[in-house]
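**Q** Pasting a structure here, questions to come.
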Amino acid sequence: MKKILLGAVGTLGLGAAAAATLMQIGVLDFGADTPHSPVVHRLIDWAREQSIARRAADIAVPADLSDTTRIRRGAGNYDAMCAQCHLASGVEDSEIRKGLYPPPPNLAKPNADSSLADARRFWIVKHGVKASGMPAWSKGGMEDDAIWDLTAFLKVLPSLSPEEYRQGVEASDGHSHAGMDGHVSEQKTAQAHDHDREHRHDVKPHAHKHDKHAH
Ligand code: HEC
2 MKKILLGAVG
12 TLGLGAAAAA
22 TLMQIGVLDF
32 GADTPHSPVV
42 HRLIDWAREQ
52 SIARRAADIA
62 VPADLSDTTR
72 IRRGAGNYDA
82 MCAQCHLASG
92 VEDSEIRKGL
102 YPPPPNLAKP
112 NADSSLADAR
122 RFWIVKHGVK
132 ASGMPAWSKG
142 GMEDDAIWDL
152 TAFLKVLPSL
162 SPEEYRQGVE
172 ASDGHSHAGM
182 DGHVSEQKTA
192 QAHDHDREHR
202 HDVKPHAHKH
212 DKHAH
């Protein structure tokens, strides 16, 4: 028994040393344009979902996620802060999304919807996902209530036509959640909004214009 145990510990030690050597000589490719191997990808997916499920299990989902005021507020904040990565009704891809790895899921496409899914989304928006490009919005000052507004909006987003999406954003208060300084000024709201609107509606022309840029 003792020999088997020593053998197992030795094998683990050798494995760890081999892995450390591979890392030391720079074998791992950290480039965002080289995907993980399918095995590593599945392993990371699994570990992430296990971790989020455990942490989101005790989150109490508000009963009023179908409240139209929540959805209206969520629309403006989504358009200003999320759509460039997670797309919107009728928008197929974006410049930033193409280069991110893992690619941000298209949240305008139908997805699982349940109170578990709501708690999971709330947790992800609040805490972000390490080394993925998904920010922890709470670190920038976003309060829980604004995150629930976004969660409420995400529930209806896949059912919106491009016109309904645009009308929802126009009827919203724009980029209205309290930020790091506790508020968003009128001017900043208008700028964030206009910038994003131009950017997203111009996905193709904008990409062409980039040919002339020096980067
Ligand atoms: C810079 C790009 C970027 C921005 C901006 C961004 N996200 Fe993400 N988001 C990601 C990436 C990348 C993932 C995937 C993380 C992973 O799979 O490890 C993700 C994952 C998510 C998920 C989980 C989706 C799923 O079903 O697996 C939700 C929900 C989400 N983001 C919501 C938001 C919201 C709401 C905002 C705006 C407040 C936002 N994100 C802004 C990049 C972004």
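Following my numbering, the numbering of the sequence shown begins with 2 at its first residue and continues without gaps. Don't be surprised by glycine CBs; every beta carbon is placed ideally from N, CA and C.
1) Give me, in chain order, the residues of the same chain whose beta-carbon lies closer than 7 Å to that of THR35; leave out the 5 immediate sequence neighbours on both sides.
2) With distances taken Cα to Cα, identify the nearest neighbour of VAL62 among ASN78, ILE148, PRO159 and GLY100.
3) Can you tell which of ASP65, ILE125, ALA9 and SER115 has its C-alpha closest to the C-alpha of SER52?
4) Would the beta-carbon of ILE218 be found less than 6 Å away from any heavy atom of ligand 1?
5) Given the structure, does PRO105 come close to ligand 1, in the sense that its CB is under 6 Å from one of the ligand's heavy atoms?
6) Can you tell me the Cα-Cα spacing of ALA57 and ARG121, whole angstroms?
7) Have a look at THR22 and ALA109 and give me their C-alpha separation to the nearest angstrom.
8) If you follow the alpha helix (DSSP H) that ILE148 is part of, which residue opens it and which one closes it?
9) So for VAL28, helix, strand or coil by DSSP?
10) Could you tell me the alpha carbon to alpha carbon distance between THR69 and ILE97, rounded to whole angstroms?
11) For GLY169, is the classification buried or exposed, using 16 other Cβ atoms within 10 angstroms of its Cβ as the cut-off for buried?
12) Whose C-beta lies closer than 7 Å to the C-beta of ASP162 among residues of the same chain, with five residues either side of it excluded?
13) Would you mind working out which of CYS86, ALA118, PRO103 and GLY8 sits nearest ARG55, comparing C-alpha positions?
14) Would you say the beta carbon of TRP124 comes nearer than 6 Å to a heavy atom of ligand 1?
15) Please determine if the stretch 25-43 and the stretch 139-155 are in contact, where contact requires at least 3 C-beta pairs separated by less than 8 Å.
16) Determine, using beta carbons only, whether GLY134 and LEU101 come nearer to each other than 7 Å.
17) Rounded to a whole number of angstroms, what is the C-alpha to C-alpha distance between HIS184 and GLY175?
18) What does the Cβ neighbour count give for THR12, buried or exposed, with the cut at 16 atoms within 10 Å?
**A** Taking the coordinates as given:
1) none
2) Of the candidates ASN78, ILE148, PRO159 and GLY100, the one whose C-alpha sits nearest the C-alpha of VAL62 is ILE148.
3) ILE125
4) In the structure as shown, the chain begins at 2 and stops at 216. Residue 218 is therefore absent and cannot be evaluated.
5) yes
6) 6 Å
7) 43 Å
8) In the DSSP annotation of this structure, the continuous segment of the alpha helix (DSSP H) that includes ILE148 starts and ends at 145-157.
9) coil
10) 30 Å
11) buried
12) Just to set this straight, residue 162 is Ser in the shown sequence, not Asp. Once the five neighbours on either side are set aside, the close Cβ partners of SER162 are SER90.
13) ALA118
14) Here the distance from the Cβ of TRP124 to the nearest heavy atom of ligand 1 is not below 6 Å.
15) At 8 Å Cβ cutoff, the stretches do not touch.
16) yes
17) Residue placement at HIS184 is poorly supported in this model, since its pLDDT is 49, which falls under 50; the coordinates are not used for a value here.
18) exposed
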